[in-house]
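Colleague: Before anything else, here's the structure in question.
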Amino acid sequence: MRAKFIFRIRIIAILLVLCTAGMLAKLYLVQIVHGGEYREQAENQHITPSAHVLDRGTIYFSERDGSLISAATLTNGYTVALVPRAVKDSALALSVASDLIPDIDRETFLAKAAKADDPYEEIGRQYSEDIGSAILAAAVPGLEAYRERWRSYPGDELAAHEVGFLGFGNGTELTGQYGLERAYDAQLTKPTSGLKINFFADLFTNVGGSLFGSDDGPGADLITSIEPSVQAFIEDELLLYQREWNAKTVGAIVLDPKTGEVLAMASRPTFNPNDIKNARPDVLANPMVERVYEFGSIAKPLTMAAALDAGVVVQSSTYTDTGSVQIDGKTISNFDKRARGVVPMQEILSQSLNVGIAHLVQKMGADTAKEYLSAFGLTEETGVDLPGEASPLVSNLESPRTLEFVTAGFGQGIAVTPIAMARALAALANGGQLVAPHLGIELKYPGGATRSIGWAPPRAAVQPAAAEVTTRMLVEVVDTALKNGKAKVPEMSIAAKTGTAQIADPVHGGYYADRYLHSFFGYFPAYDARFLIFFFAVEPVGAQYASDTWTLPFKRTVSFLTTYYQVPPDRAPITTAP
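Taken in order, the sequence shown gives residues 710 to 1287; the numbers are from this note's numbering.
Next up, the structure:
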C-alpha cells in the first residue's frame, strides 16, 4: 500500500516538474524571445486604432571580423493624426503640432480638424520617438500619436540593388520588392498570428509539440556575405568611374571564387531605399542579374581553357595569324586587322587576337565548343539568390555553323548577365570548378536557432591543369602586356584580362561603330585566389579600350583588398643591386 502511495507521489511530482518546466519555457518565449513584440502589441492597444505593427526579420551585412551590420531593419516611431470629432480647440492643436512638425501645412491641418464627425485624419507618418512622445505628453484633445514601425536602411544607397526594399508593389500588402527583400520575403516575414493571446491555452495545447516552434519557417533574420567596407569601396570606385567616363551603366562584383560568396556587388545609377518615392523607376532593376550583355574579350580565357582541356593545343603551341580569316562566308578580324605571323598561344590573350580564338574554336569543332560554353554555365541561369535573373541569349548556338561559336569564343553574339560571366571566370581561379554565386549565408530564428543556407555543390568546367595553365597565361598578360607591364604588382601574382565589345544596334542590326562595352576581370593571388574582381561599363565616353578606363580602378581595388584582408605576398619582388 505504502509502495503504491509513494509511486503516485512520484508521478505527481514528475508531472509538476514537467508542467513547471513547460511554463518556464513559455515564460522565456514570452519575456525574452517575443518580449519586444508583446510590449509593442500592448502599447498599441492603448494608443493606436490599428492592431497590426510591422514585424520583419533584419538583413545583415557581415564584416571581415564576423560582426554583423544592419542593412535592413525596423525603426520605431509614430504616426500623427487628428480625431476631428474629439478636437475642442483646433488652434491649440495646430500650435502644438506646428511647434513639433515645422513643415506642417496649416490650411490642410485646419481643414481636417473642421470635419466634425470624422473619426480619423492622418497628418503624417514616420515621425521620431521624441515628436510622438511630446504630442502624447501635450494631451491636446483630438491630436493623437500612434506608434508605428517602418522598414529602414541604415546604409541608404549602400548595396541598394542587392538589398531591395519593402513596398506595396501592385497590391495592398507590404512585401519585399527587388533584391534580398524580395528573394527572402517568405523567410523574413513574421506572421501576425505568431503571438498567442492566451498563454495558458497555448501552453497546454502544445503538449508534445515544440515549445520554441520550428527553425525552418518565417520570421528569420538573414545573414549575408556582403562585406560593408568592401561594398562601400566598390561603390566609391564606380562613382569615380562614372564621373570620369560618363558611362550609361557601370557595375562591379567582388566574390570568393572558391565558395561563390559575393563580398560586394554594385551598379550605377542607383537609388536610396529610404526615399523610394523619389527613385527613378528605370533604375530599380539590378543590371548585375536582370540584364544581359555581350562582354567581348574577357571571354577569351574561357575559350583558351576549353582548348587546353580538350587537348587540341598546349601552352607552347603556335599558329599562323593572318590578321583576318573567312569562316562560313564571314570575315573575322583582329581588332587592328594586322597579321602577326607565327605566334604562340600566349599572344592570343596578351594581344587579344580574334583570329587566334577562331583557330582554337576550329581546332575544337562547334560541338565541343558548345559543350564547354555549357560547362562554364553560360547557357543557363546561375540561380543566384536575387530576383528577376535574366536568361542568357544564346539561341544562335543552335546553329550548325562554326561562325557562331567563334564569335561566342571572343565574347560577341551571345549575351549573359554580369553574375553569369563572373561565375564562369571564377572557375579559372578555382581549379576549373564552377561554384554557385550567392549572397545569403544563414537564417537566424527567434530563440537562437540558425540554419545555414545550402547551395549547389561545385561542378567541373575544365580540369585543374587547364585552369592552371590559363591562369599562368593571364598572369603573363598582367606582368607584360597590360599597359605594357605597368599594371604588374611585383610581390603579388595577379591574373587578369580586359574586354572591349561592340554594342549591338537593335534598330538597324549589326553593331554600332562608336559604342562599346568595357569589361575587366582579375583574380589574386593568382594560384590560390581569394578574390575575383569584375567590372563593366556601358558606353563610356572618351576612351575606346577597357584597358584605358578600368586598369587603375582594378589596381586600386587589388590594393584595398590586399591591405584590408592583410593578404600576404605570394612572390618575392624583383630587386636590383645598388
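We put the CB at the ideal spot given by N, CA and C, even for glycine.
Here the structure is a predicted model, which is why all the values come from computation and not from measurement.
My assumption, with CB atoms under 8 Å, is that G1109 sits in contact with A1075. Please give the rounded CB distance.
Modeller: In the sequence under discussion, the amino acid at residue 1109 is Pro, which differs from the Gly named in the question. That pair is a contact at about 7 Å.
Colleague: Roughly how many angstroms separate the alpha carbons of R834 and R765, rounded to a whole number?
Modeller: 19 Å
Colleague: What ranges does the beta strand (DSSP E) occupy inside the segment 1045-1084, keeping only unbroken runs of at least 3 residues that lie completely in it?
Modeller: 1050-1053
Colleague: Beta-carbon within less than 7 Å of L1137's beta-carbon, same chain only, minus the 5 sequence neighbours each way: which residues are those?
Modeller: So the qualifying residues of the chain are P1010, A1014, A1176, T1179 and T1180.
Colleague: Could you check how far apart the C-beta atoms of R794 and P828 are, in whole angstroms? I think they sit under 8 Å.
Modeller: 6 Å
Colleague: Please list, in chain order, all residues of the same chain as A800 whose beta carbon is under 6 Å from its beta carbon, the five residues on each side excluded.
Modeller: none
Colleague: Could you tell me the distance, in whole angstroms, from the CA atom of E1089 to the CA atom of A1165?
Modeller: 14 Å
Colleague: What does the alpha-carbon distance come out to for the pair V1171 and R1239?
Modeller: Distance from the CA of V1171 to the CA of R1239, rounded to the nearest whole angstrom, comes to 19 Å.
Colleague: Could you check how far apart the C-beta atoms of Q896 and P863 are, in whole angstroms? I think they sit under 8 Å.
Modeller: That belief does not hold up - the Cβ atoms of Q896 and P863 are roughly 21 Å apart, past 8 Å.
Colleague: Counting beta carbon pairs with one atom in the segment 866-880 and one in the segment 840-853, are three or more of them shorter than 8 Å?
Modeller: no
Colleague: T1027 to A1084, Cα distance in whole Å?
Modeller: 26 Å
Colleague: Taking the straight line between their C-alpha atoms, what separation do you get for E838 and A802?
Modeller: 19 Å
Colleague: Should P1173 be labelled buried (16 or more other beta-carbon atoms within 10 Å of its own) or exposed?
Modeller: exposed
Colleague: Give me the Cα-Cα distance between M1130 and P811, rounded to the nearest whole angstrom.
Modeller: Computed Cα separation, rounded: 51 Å.
Colleague: From the DSSP output, in three-state form, read off N907 for me.
Modeller: For N907, the predicted model reports a pLDDT of 42, less than 50, meaning its position is unreliable; a value from the coordinates is still stated below. If DSSP states are grouped into helix, strand and coil, N907 belongs with coil.
Colleague: Can you list the alpha helix (DSSP H) stretches of 4 or more residues lying completely in the segment 928-963, in chain order?
Modeller: 937-954
Colleague: Quick check: what's the CA-CA separation for A1281 versus P1199?
Modeller: Whole-angstrom Cα-Cα distance: 7 Å.
Colleague: Buried or exposed, going by whether 16 or more other CB atoms sit within 10 Å of the CB of P1146?
Modeller: Label assigned to P1146: buried.
Colleague: Relative to the C-alpha of G1140, which residue among I1162, V1250, A1252 and A1235 is closest?
Modeller: Closest by alpha carbon: A1235.
Colleague: Can you tell which of F1269, T958, G1032 and D1214 has the C-alpha that lies nearest to the C-alpha of P1127?
Modeller: T958
Colleague: Expressed to the nearest angstrom, what Euclidean distance is found between the alpha-carbon atoms of A994 and L972?
Modeller: 20 Å
Colleague: Rounded to whole angstroms, what's the CA-CA distance from Q1253 to H1227? Just pull it up for me.
Modeller: 8 Å
Colleague: Taking the alpha helix (DSSP H) that L1011 falls in, what are its first and last residues?
Modeller: K1009 to A1019
Colleague: Looking only at its chain, what residues have a beta carbon closer than 6 Å to the beta carbon of T1260, apart from the 5 residues adjacent to it on each side?
Modeller: K1192 and A1196
Colleague: To which residues of the same chain is S779 closer than 7 Å at the C-beta, ignoring the five residues directly before and after it?
Modeller: T767, Y769 and P863
Colleague: Just confirm the distance between the C-beta atoms of A843 and T979, as a whole number of angstroms; I'd bet it's less than 8 Å.
Modeller: At roughly 36 Å, the Cβ-Cβ gap does not stay under 8 Å, so A843 and T979 are not in contact.
Colleague: Nearest CA to the CA of G1120: which residue from K1153, P1155 and I1212?
Modeller: I1212
Colleague: With respect to the beta strand (DSSP E) encompassing Y769, which residues constitute its N-terminal and C-terminal limits?
Modeller: Y769 -> beta strand (DSSP E) spans I768 to S771.
Colleague: Apply the 10 Å Cβ neighbour rule to S1061 and answer buried if 16 or more other Cβ atoms are within range, or exposed otherwise.
Modeller: With 16 or more other Cβ atoms within 10 Å, it is buried.
Colleague: Alpha carbon to alpha carbon, how far is V1022 from L1069?
Modeller: 8 Å
Colleague: I need the boundaries of the beta strand (DSSP E) containing D965, first residue and last residue.
Modeller: Taken as a continuous stretch (DSSP letters only), D965 belongs to no beta strand (DSSP E), as it is neither H nor E.
Colleague: Round the Cβ separation of P1101 and L1087 to the nearest angstrom and send it over; I've been treating them as touching at under 8 Å.
Modeller: 6 Å
Colleague: Nearest-angstrom Cα distance between V1034 and A1124?
Modeller: Roughly 24 Å between the two C-alpha positions.
Colleague: Excluding sequence positions up to five away, which residues of its chain have a Cβ less than 8 Å from the Cβ of Q1071?
Modeller: I1036, T1111 and V1115
Colleague: If you count every other CB in all the chains shown that lies within 10 Å of the CB of N987, and 16 or more means buried, which is it?
Modeller: When all chains shown are included, N987 counts as exposed.
Colleague: Count the other CB atoms, across all protein chains shown, that sit within 10 Å of the CB of I962; report buried if there are 16 or more and exposed otherwise.
Modeller: buried
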